[in-house]
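Residue numbers (the numbering used here): 10 to 395. C-beta atoms are modelled at their ideal positions from N, C-alpha and C, and glycine is treated no differently. Here is the structure we will look at.
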C-alpha cells in the first residue's frame, strides 16, 4: 500500500510518501520520499510561532513540498492519505486537512485522520540509523502495557499505553508544557528561538565540569555558585524549585519554575544591570533550570512506571531529543526504553503516516465507512485528546 502523509500542526510543513505492508505487530515501511519546510527563520523575530503567519506559510509551502515529494517518489498512484487533525494550531491544521481533502477527491482515495500525539508514541517503532528512500524501517516488538512520556512545546503528558489505539492520560501539565518553558526561559536569557537547544548548550558547558574549589564554578549541596562579575556580591546562590515533584499524582507544572527564573534574573539585575553579559551566570541559570525541569519529568515518570508495573517506557516529542533528559531517563532501572531517532523527535509526517497506516489496518475497512472519517467530514481539533 502506498501512503501519502501530511503534517501541519504547528510551523513545519511536512509530506512523506512511503510503502507499507504487514499488520499491527509486523508492519514495515519503505520511505519513497520525505520533504519538509521549516518556518523557524520566519518566526525567530517573534520569539515563537505566530499562528497567522504559520498558516500563511503552510498555504505557500504545501504545493511546493508536495511537488518535491511526488517527483522524488516516482509513483503513479496513492492508496491512502494520512493527515494530522489535532492537537495543534487549528488554523494550521485546517491547511493540511484541506490539502488532503482536495487530493482525496482528485484521486478517489480514503483519508485517515491522525492524532498528532499518537504519532509521537509510535515514532519509536522506526529503526534508523539513516532514514532514506532505499531503507526499510521495521517495527520493533514493544511489550504492552507501556508508559509514554510525551514532551514537546505544546504538551507534557504521561500516557498509559495499553495497546495500539488504547490510551489513558494519567498525568499532564497543569499550565506550561516543558518545551514552552524552555523557550520562555531562553527569551529571558536573550537566547534565540527555539530556546530548548540553546538552553541545553549553555547547561552542557557547565554540566561536566568537575567539582572545583574557588574555581570558575563550585557545586555544594546541590546548589550552584557561579563567580560574580565585577560589582556583584561575592557569591550568588542559584536554587530553583521543582514544582509538584512530590504531589500525589502524575501531573506537572512548569509555570512556577519559569516565574522563579524571571524573579532570579530580576533580582540579579538589581545588583548588576548587565548581569546577563556574564557567560558563567547565564550558563549557571540554564543548568539549574534544565536540572529542575528534567528532574520533575524523570521523577514522575519513574513513579508512574512503579505504580503501573510496566516493563516498557516510550519517550516522544521534540524535547525527547534533549541529551540530559535521555541520560537521566536511562537511569531508571528494570525498564526497556524507546526513544525516537533525532529526525523523528520533532513534528514530522513520517510518524503521521505510520500511525495512519496502523489505524487503517486496525479498522480493517476503508475509513469512509465510519461516516465521520469521510474526507469531507474531517475537522481540525486544536485541543484534541486521547
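- Pairing residue 94 with residue 320, the inter-Cα distance amounts to about 31 Å.
- With contacts defined as CB atoms closer than 8 Å, residue 187 and residue 328 qualify as a contacting pair.
- Assigned with DSSP and collapsed to three states, residue 151 falls in coil, not helix or strand.
- Between residue 106 and residue 394, the gap from beta carbon to beta carbon reaches 8 Å or more.
- Shown here, residue 328 sits in a helix according to DSSP, grouped into three states.
- Per DSSP, reduced to three states, the secondary structure at residue 107 is helical.
- For residue 21, the secondary structure class from DSSP, reduced to helix, strand or coil, is strand.
- The continuous alpha helix (DSSP H) containing residue 75 extends over residues 60–82.
- Secondary structure at residue 29: strand, using DSSP grouped into helix, strand and coil.
- In the DSSP annotation of this structure, the continuous segment of the beta strand (DSSP E) that includes residue 166 starts and ends at 165–172.
- The C-alpha of residue 159 lies about 5 Å from the C-alpha of residue 325.
- Taking the CA atoms as reference points, residue 372 sits about 11 Å from residue 365.
- Cβ atoms of residue 266 and residue 293 stay farther apart than 8 Å, at about 16 Å.
- Beta-bridge analysis with DSSP links residue 321 to 345.
- A direct Cα-Cα distance of roughly 6 Å separates residue 323 from residue 156.
- For residue 157, the pairing in a beta bridge is given by DSSP as 168, 323.
- Distance from the CA of residue 54 to the CA of residue 385, rounded to the nearest whole angstrom, comes to 37 Å.
- Between the beta-carbon of residue 318 and that of residue 259 there is about 15 Å, and that puts the pair past the 8 Å contact cut.
- Around the C-beta of residue 204, 16 or more other C-beta atoms lie within 10 Å, and the residue is accordingly described as buried.
- DSSP places residue 395 outside both helix and strand once states are collapsed to three, so it counts as coil.
- Scanning its chain for C-beta atoms nearer than 6 Å, with the 5 sequence neighbours on each side dropped, one finds around residue 41 the residues 26, 27, 82, 142, in chain order.
- The C-alpha of residue 314 lies about 28 Å from the C-alpha of residue 212.
- Comparing C-alpha distances from residue 182 to each of 201, 167, 52, 370 shows the shortest one belongs to 167.
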